[in-house]
Amino acid sequence: MGGFLSQLTGSFSTSAAQNPTVAIMEAAYAEAGLDIRYINCEVPAERLGDAVRGAIGMDWLGFNCSIPHKVSILAHLDELAPSAEIIGAVNCVINRDGHLTGENTDGQGFVNALRDLVDPAGKSVVILGAGGAARAIAVETALAGAAHITIVNRSLQRGTELAQLVDSRTPAICDFVVWDGTYVVRTETDIVVNATSIGFHPSVDTPAIDDDSLQPHMLVADVVANPPMTRFLQRAEARGCTVLPGLGMLVNQALTNARLWTGRELSASVMRQALEANL
Ligand code: NDP
0 MGGFLSQLTG SFSTSAAQNP TVAIMEAAYA EAGLDIRYIN CEVPAERLGD
50 AVRGAIGMDW LGFNCSIPHK VSILAHLDEL APSAEIIGAV NCVINRDGHL
100 TGENTDGQGF VNALRDLVDP AGKSVVILGA GGAARAIAVE TALAGAAHIT
150 IVNRSLQRGT ELAQLVDSRT PAICDFVVWD GTYVVRTETD IVVNATSIGF
200 HPSVDTPAID DDSLQPHMLV ADVVANPPMT RFLQRAEARG CTVLPGLGML
250 VNQALTNARL WTGRELSASV MRQALEANL
């Protein structure tokens, strides 16, 4: 490298303007002395193929894809990482001389953040939600050795499908509970994850969980990163639970993306500061 030629990474999504990952990545690249850029690109569904060919043409290191491309990107890839193949969605693409590999770092980011507090191996896990984030978290937590996973979701079909996927494609035992009232967390549960969008700023809604069933031996995590301390986590903390905010997942996901693209371990603390400054 050197001179005036930066290496390129970025994100393809719509709408792209509110995605804070650019602030995290550029701060961490700069701190590591890397001449790499991260560019948010506004890419509507019908132009994904053009964007991918552009990235290959310009020899990008790789890119993230977000809404609405996480599933449709699969048609453009040469290879899938094992967990991305099970999840059926990709949020991180690595380009090696035009050969594109898809990874799903949403779930990896969650598990890496979780491991700083508790090892999921052998644990009993409740996941609220069955959308994209829940799917990535359920599969990756199961592959990390969780013994038992319960999917709790409002829509029966999405919940059943996810539970069957995890049960059939991973070593974990997985069941489904339809969420049609206040959910009571069983006492043998070790980890509770809100993987729904409930509580995302500016909403102050909070998942329908019986507060009394949250106990101090439980770790309670939220995927919602804004606000960092959701009302759900505040409720859990008041009950004596250890809490894991969604910022941890976001930062760990960015660390994993950077590792896959550059082979380098970037600074988690620089990423976290950049994220907090931009939320
Ligand atoms: P999806 O739209 O794919 O799924 C949303 C899920 O939330 C579904 O299970 C849906 O249930 C459930 N849900 C939404 N509203 C309600 C409600 N009022 N009551 C009960 N259930 C509800 O979204 P994603 O999975 O892509 O994203 C979910 C959240 O995760 C978002 O807030 C996103 O920002 C966050 N996220 C955070 C990341 C991080 O790094 N921190 C990474 C990726 C995502 P149903 O199936 O019944 O509709």
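At position 233 of the sequence shown (counting the first as 1) the number is 232 in my numbering, and the numbers step up by one without a gap.
All C-beta atoms in this analysis are idealised placements derived from N, C-alpha and C, irrespective of residue type, glycine included.
Quick caveat: nothing in here was measured; it's all calculated off a predicted structure.
Residues bridged to residue i [DSSP beta-bridge criterion]
i, result
"residue 219", "191 and 242"
"residue 98", "95"
Residue closest to residue i, alpha-carbon to alpha-carbon, out of the options
i, options, result
"residue 151", "162, 9 and 220", "162"
"residue 31", "126, 244, 218 and 269", "269"
"residue 18", "242, 224 and 203", "224"
"residue 226", "202, 88 and 177", "202"
"residue 143", "129, 121, 130 and 125", "121"
"residue 153", "207, 228, 238 and 117", "207"
"residue 178", "104, 115, 29 and 149", "149"
"residue 116", "254, 86, 44 and 217", "217"
"residue 66", "180, 137, 167 and 15", "15"
"residue 157", "167, 141, 175 and 171", "175"
"residue 173", "125, 213 and 131", "125"
CB contact flag (residue i, residue j, <7 angstroms)
i, j, result
"residue 78", "residue 110", "no"
"residue 265", "residue 54", "no"
"residue 59", "residue 4", "no"
"residue 119", "residue 80", "no"
"residue 61", "residue 21", "no"
"residue 183", "residue 191", "no"
Per-residue burial, residue i [other beta carbons within 10 Å of its own, 16 or more giving buried]
i, result
"residue 98", "exposed"
"residue 68", "buried"
"residue 75", "buried"
"residue 134", "buried"
"residue 70", "exposed"
"residue 277", "exposed"
"residue 233", "exposed"
"residue 104", "buried"
"residue 188", "buried"
"residue 263", "exposed"
"residue 221", "buried"
Range covered by the beta strand (DSSP E) that runs through residue i
i, result
"residue 95", "91-95"
"residue 298", "Because the chain spans 0 through 278 in this model, residue 298 falls outside it and cannot be assessed."
"residue 174", "172-177"
"residue 9", "6-12"
N-terminal and C-terminal residue of the alpha helix (DSSP H) that residue i is part of
i, result
"residue 37", "Premise fails: residue 37 lies in the beta strand (DSSP E), 35-41, not in any alpha helix (DSSP H)."
"residue 109", "104-114"
"residue 364", "The structure shown has nothing for residue 364, since the chain only spans 0 to 278."
"residue 231", "230-237"
"residue 65", "Premise fails: residue 65 is in no alpha helix (DSSP H) and is neither H nor E."
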